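>
There are 2 protein chains.
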Amino acid sequence: MRVIPIEGLPEIRAGDDVAALIADAADFEKGDVLVVSHKVISKAEGRVVRGEKLELVLREARRIVRRRGELVIAETRHGFVCAAAGVDASNAPEPGTLVLLPLDPDDSAARLSERLGVAVIVSDSFGRPWRRGTTDVAIGVAGLAPLIDLRGGRDAMGYELRSTEIAVADEIAGAAELVKGKTAGVPAAIVRGLSLAGEGTARDLVMPTERDLFR
Amino acid sequence: MRVIPIEGLPEIRAGDDVAALIADAADFEKGDVLVVSHKVISKAEGRVVRGEKLELVLREARRIVRRRGELVIAETRHGFVCAAAGVDASNAPEPGTLVLLPLDPDDSAARLSERLGVAVIVSDSFGRPWRRGTTDVAIGVAGLAPLIDLRGGRDAMGYELRSTEIAVADEIAGAAELVKGKTAGVPAAIVRGLSLAGEGTARDLVMPTERDLFR
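In order, the protein sequences belong to chains U and H.
Take the first sequence: its position 205, counted from the start at 1, is 242 in the numbering used here, and no numbers get skipped.
Take the second sequence: its position 170, counted from the start at 1, is 207 in the numbering used here, and no numbers get skipped.
#1: Could you confirm whether any beta carbon from chain H is found closer than 8 Å to the beta carbon of E214 of chain U?
#2: Between E202 of chain U and chain H, is the shortest Cβ-Cβ distance under 8 Å, so that the two count as touching?
#3: Nearest CA to the CA of P42 of chain U: which residue from U:A206, U:V223, U:G177 and U:V136?
#4: Is it buried or exposed, A25 of chain H, if we count other Cβ atoms within 10 angstroms and call 16 or more buried?
#5: Using the beta-carbon count (16 or more within 10 Å), is L91 of chain U buried or exposed?
#6: To the nearest angstrom, how far is the alpha carbon of F65 of chain U from that of D125 of chain H?
#7: Between P47 of chain H and chain U, is any beta-carbon pair separated by less than 8 Å?
#8: Measuring straight from C-alpha to C-alpha, what distance separates I176 of chain H and G116 of chain H?
#9: Assuming A129 of chain U and A121 of chain U make a contact with CB atoms under 8 Å, what is their CB distance in whole Å?
#10: Could you tell me which chain U residues have their CB closer than 8 Å to the CB of V243 of chain H, listed as they occur along the chain?
#11: Run down chain B in chain order and give the residues with a C-beta less than 9 Å from the C-beta of I209 of chain U.
#12: Of all the options U:D241, U:E48 and U:W167, which has the alpha carbon lying nearest to the alpha carbon of K80 of chain U?
#13: Less than 8 Å separating the beta-carbons of A210 of chain H and S150 of chain H?
#14: Under 8 Å between C-beta atoms, does R99 of chain U make it to chain H?
#15: Run through DSSP, which three-state label would G177 of chain U get?
#16: Just the chain H side, please: which residues come within less than 8 Å of L184 of chain U by C-beta, in chain order?
#17: Return the residue from the list U:I203, U:A212 and U:D173 that minimises the CA-CA distance to I185 of chain U.
#18: Pick out the complete alpha helix (DSSP H) segments inside the segment 54-99 of chain H, 4 residues or longer, and give them in chain order.
#19: Check whether the Cβ atoms of A213 of chain H and V40 of chain H lie closer than 8 Å to each other.
#20: Identify the residues that DSSP records as bridge partners of I203 of chain H: which are they?
#21: When every heavy atom of the ligand HEM is checked, does at least one fall within less than 7 Å of the C-beta of I41 of chain H?
#22: Drop a sphere of 10 angstroms on the beta-carbon of T134 of chain H, count the other beta-carbons inside from all chains shown, and report buried for 16 or more, exposed for fewer.
#23: Report buried or exposed for D61 of chain H, applying the criterion of at least 16 other Cβ atoms within 10 angstroms of its Cβ.
#24: Measuring only between beta-carbons, confirm whether I110 of chain H sits less than 8 Å from chain U.
#25: Assign T113 of chain U to one of two classes, buried (16 or more other C-beta atoms within 10 Å of its C-beta) or exposed (fewer than that).
#26: Using a Cβ cut-off of 8 Å (strictly closer), state whether R103 of chain U contacts chain H.
#27: At what residues does the beta strand (DSSP E) containing S162 of chain U begin and finish?
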């Protein structure tokens, strides 16, 4: 597997044709997965706002999961649980502005995937309970199955793997983050050499309420 | 960045010299990170037992975080929160046996790192609250800083990134999992082409109690 940063993308503005800009900057091969930081999508889709952060967080949130001072962990309209419901000042286009999550990152991924002819993951950096640091995860998916279900499969000794379902879309998003970096102005990467099949969306990654021990 | 599976490792038994077996199977370059599934380490270190699973889970756990029927989310002696305190039947060496986590996976990583001259991550598959599927994360680290601290750094627009700390060791473990697979008998991989510096252990990834909103 190779992970290749896509360099040379300009700063994205509302209305930009992200697919065309990425097509200019990248050479895709069959089977590639394109991973794009959601900020690129959000900016192109005009999801940049001015306002008081906490107010915006409460507006974007469907449910507050935890709160301690200014730190709010919230569930977004998409069902993702993350800090500030995805409202973020870093890499915002201007002082005083905040970037929101795309309204429908799966749909954004699907449109990019159709234009570029490769699978697409829209990523964001999420914190995790009990563990320090963020890892990038998939908040939009098109052209691949985000979960690989090994349930009913067998390990090397022939025993059934009864509860193994791997969130490959999240692992791919994290792998891309390792080459994109945070400050280098490289918001996209190609992951090449995986044999992935299937279809699905990032909503498939949301734990259904009835199975959720941490709701 | 390239992620290269290490093929041809034999089934590991108690007392095996894992460093020698990996050295035979892999060609390392300067700056490589070796990612090894903890099962390899656990088996070599004799952490394979017979017994009733729930009893073993309770023995391995320092604290039960959630329980629903047979599903137990527990904190291990190392501070990791995961299903069954890491006690697992899949890829066990014989029917009726269970594999436990290494007693000190950071120490196991350090010994491998010293023998092989590369950074080492010992990985395990963890579930996540609110998200379906597992991702591989680092439970042992040697020869690299598991967290990259961008706090105080600046984004491409010059604004301070105030709360960004990236769990690169977890992202590397996840990237390696994409090529290792679960059933192919490939329990190790090389991650090549990252410029990583620093030192640290997987215990650095455990959220300190006073900052933990989900304890």
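A virtual CB, placed ideally from N, CA and C, is assigned to each residue, including glycine.
Keep in mind the model is a prediction, meaning the values are calculated, not measured.
So, to answer that:
#1: yes
#2: By the rule that beta-carbons nearer than 8 Å mark a contact, E202 of chain U touches chain H.
#3: Ranking U:A206, U:V223, U:G177 and U:V136 by Cα distance to P42 of chain U puts U:V223 first.
#4: The shown model of chain H, from 38 to 252, leaves out residue 25 of chain H, and the question about it has no answer.
#5: exposed
#6: Cα to Cα, F65 of chain U sits roughly 40 Å from D125 of chain H.
#7: no
#8: Each residue's alpha carbon lies about 10 Å from the other.
#9: A129 of chain U to A121 of chain U, Cβ: 13 Å. No contact.
#10: W167, R168 and R169
#11: In the structure shown, chain B cannot be found, because the protein chains are U and H.
#12: Per the Cα distances, U:E48.
#13: no
#14: no
#15: strand
#16: Listed along chain H are R169 and G170, each with a C-beta nearer than 8 Å to that of L184 of chain U.
#17: Considering only alpha carbons, the answer is U:I203.
#18: 55-62, 75-81 and 90-97
#19: Against a cut-off of 8 Å, the Cβ pair of V40 of chain H and A213 of chain H comes out as a contact.
#20: U:T171 and H:I185
#21: The ligand content of the structure shown is nil, which means the ligand HEM is not present either.
#22: exposed
#23: exposed
#24: yes
#25: Flag for T113 of chain U reads buried.
#26: yes
#27: A156 to R165
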